[in-house]
Amino acid sequence: MYRAGVIGCRGIGAAHATGIVDSDQAVLVAGCDLDQDIFDEFRQRWPDQEISYYSNHREMLGKEALDLGTVATSDHRHADLVVDAAEAGARAIFCEKPLATNLADADRMIAACEANQTLLSVDHTRRFQPLWRYAKEQIVDQGIIGPVQYVVGTLCGPRAMLFRNGTHTLDATCYYADSQPHGVSAELEEGYEDYAEYRGDGGHDPATEPGANGYIHFENGVRGFYIGGSKDTPPPKQQIEVVGSTGRLVLTNEQGVLHRGDTSEPVDYPEWPVSGIPYGVQELIKVLAEGGELVSPGRMGHTVVELLIGFLQSQQQGHAPVPIPVPRS
Numbered sequence: 000m001y002r003a004g005v006i007g008c009r010g011i012g013a014a015h016a017t018g019i020v021d022s023d024q025a026v027l028v029a030g031c032d033l034d035q036d037i038f039d040e041f042r043q044r045w046p047d048q049e050i051s052y053y054s055n056h057r058e059m060l061g062k063e064a065l066d067l068g069t070v071a072t073s074d075h076r077h078a079d080l081v082v083d084a085a086e087a088g089a090r091a092i093f094c095e096k097p098l099a100t101n102l103a104d105a106d107r108m109i110a111a112c113e114a115n116q117t118l119l120s121v122d123h124t125r126r127f128q129p130l131w132r133y134a135k136e137q138i139v140d141q142g143i144i145g146p147v148q149y150v151v152g153t154l155c156g157p158r159a160m161l162f163r164n165g166t167h168t169l170d171a172t173c174y175y176a177d178s179q180p181h182g183v184s185a186e187l188e189e190g191y192e193d194y195a196e197y198r199g200d201g202g203h204d205p206a207t208e209p210g211a212n213g214y215i216h217f218e219n220g221v222r223g224f225y226i227g228g229s230k231d232t233p234p235p236k237q238q239i240e241v242v243g244s245t246g247r248l249v250l251t252n253e254q255g256v257l258h259r260g261d262t263s264e265p266v267d268y269p270e271w272p273v274s275g276i277p278y279g280v281q282e283l284i285k286v287l288a289e290g291g292e293l294v295s296p297g298r299m300g301h302t303v304v305e306l307l308i309g310f311l312q313s314q315q316q317g318h319a320p321v322p323i324p325v326p327r328s
């Protein structure tokens with residue numbers, strides 16, 4: 000059994016832990032949180048589990064000899080935790096999105112995991128949901144709508160924050176484009192013209208992050224359009240439209256519609272017994288045990304950080320195109 004520990008024990012951390020506890024290949028042995036009351040609530044969910052408490056993640060990593068670590072802290076607090084876990088010998092890490100909020104952190108996280116041969120998966124949750132996976136594998140990849148021409152990702156509402164939920168929309172755009180981005184250009188939400196680097200509070204207050212609108216040029220010729228600003232917009236919160244040469248696919252959180260010619264039909268997809276974050280954790284455990292490819296690998300999470308920073312740099316350069324990878328200074 001793989002020994003697993005969770006860093007950050009609030010709601011998302013509990014979802015990480017659910018994936019571990021419900022796995023038959025791992026056991027949850029430790030949790031780390033700065034607030035022991037939060038940890039106590041976390042532990043009460045699984046009264047039959049012996050879960051040790053730590054307020055310092057390095058102490059937990061040093062004492063528990065973890066095979067698997069998960070990181071469920073605020074958006075801008077992931078880097079040191081992932082690097083420390085990899086260097087402490089964790090064989091696999093499941094990290095919340097975004098991977099990081101600047102390129103230096105993203106680079107060192109990938110470097111640490113690759114140097115230590117640590118599997119790294121990022122919680123871009125749509126990749127772990129049955130509708131979105133079915134739409135990719137059984138509709139787009141099977142050519143049902145023809146070769147993809149462009150992907151439109153729309154993010155609405157007060158939480159249409161670039162780093163908070165924009166990371167999901169950008170990742171989904173890359174997922175359906177099925178290619179690495181080559182360049183971006185973007186315009187930030189009005190009032191954020193001078194927002195040159197992340198100044199958020201970890202994803203809590205929408206005013207600390209801009210919305211944005213952007214254009215993505217992919218290496219395979221697909222084009223991506225990101226529509227995420229302003230935040231004064233109505234639901235649904237997120238929508239992805241994948242346009243091919245013979246049809247198009249429109250996805251919201253729980254519904255998909257396939258359009259071909261004059262006909263439209265709902266996407267009939269199989270339900271899974273486990274989906275979302277717990278599925279992502281269990282997929283990582285399975286790849287650790289059996290080998291194979293991760294659906295949301297760290298390198299793809301790193302690409303999303305490149306896009307986020309590329310958007311900011313394009314704004315500062317008068318909305319000019321910025322190459323991806325973004326040039327390091």
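Numbered as in numbering that gives the first Met the number 0, the sequence shown ends at 328 without a single skipped number.
Note that CB positions come from ideal geometry on N, CA and C, so glycine has one too.
When secondary structure is reduced to three states using DSSP, alanine 71 falls in the coil class, being assigned neither helix nor strand.
For leucine 98, no beta strand (DSSP E) run applies, since DSSP gives it neither H nor E. At least 8 Å separates the beta-carbon of glutamine 314 from that of glutamate 196. Here threonine 17 carries a helix assignment [DSSP, helix/strand/coil]. At a Cβ-Cβ threshold of 8 Å, serine 184 and alanine 319 count as neighbours.
Distance check between proline 322 and each of Ala85, Pro146 and Gly309 places Gly309 closest, using alpha-carbon atoms only. Shown here for proline 157: same chain residues with a beta carbon closer than 7 Å to its own, the five before and five after excluded, namely Pro205 and Lys230 in chain order. Counting only residues of its own chain and dropping the five nearest sequence neighbours on each side, glutamine 24 has a CB closer than 7 Å to the CB of Met0, Tyr1, Ile284 and Ala288. With fewer than 16 other CB atoms across the displayed protein chains lying within 10 angstroms of its CB, threonine 245 is exposed.
DSSP places glutamate 264 within a strand segment (E or B) once states are collapsed to three. Within the region 71-150, the complete alpha helix (DSSP H) runs of at least 4 residues fall at 78-86, 102-114 and 129-133.
In the three-state reduction of the DSSP assignment, tyrosine 278 falls in the helix class. Per DSSP, serine 184 is not a residue of any alpha helix (DSSP H); the beta strand (DSSP E) it occupies stretches across 180-187.
The C-beta separation of glycine 12 from phenylalanine 41 comes to about 7 Å, placing the pair in contact by the 8 Å criterion. Each of Leu257, Asn252 and Gln237 was checked against the Cα of glycine 243, and the nearest Cα belongs to Leu257. Take glutamine 238, set aside five residues on each side of it, and the residues of its chain with a beta-carbon closer than 6 Å to its own are Thr153 and Thr251, in chain order.
Shown here for arginine 57: same chain residues with a beta carbon closer than 7 Å to its own, the five before and five after excluded, namely Asp83 in chain order.
DSSP places valine 325 outside both helix and strand once states are collapsed to three, so it counts as coil. By the criterion of at least three beta-carbon pairs nearer than 8 Å, the region 218-225 is not in contact with the region 111-127.
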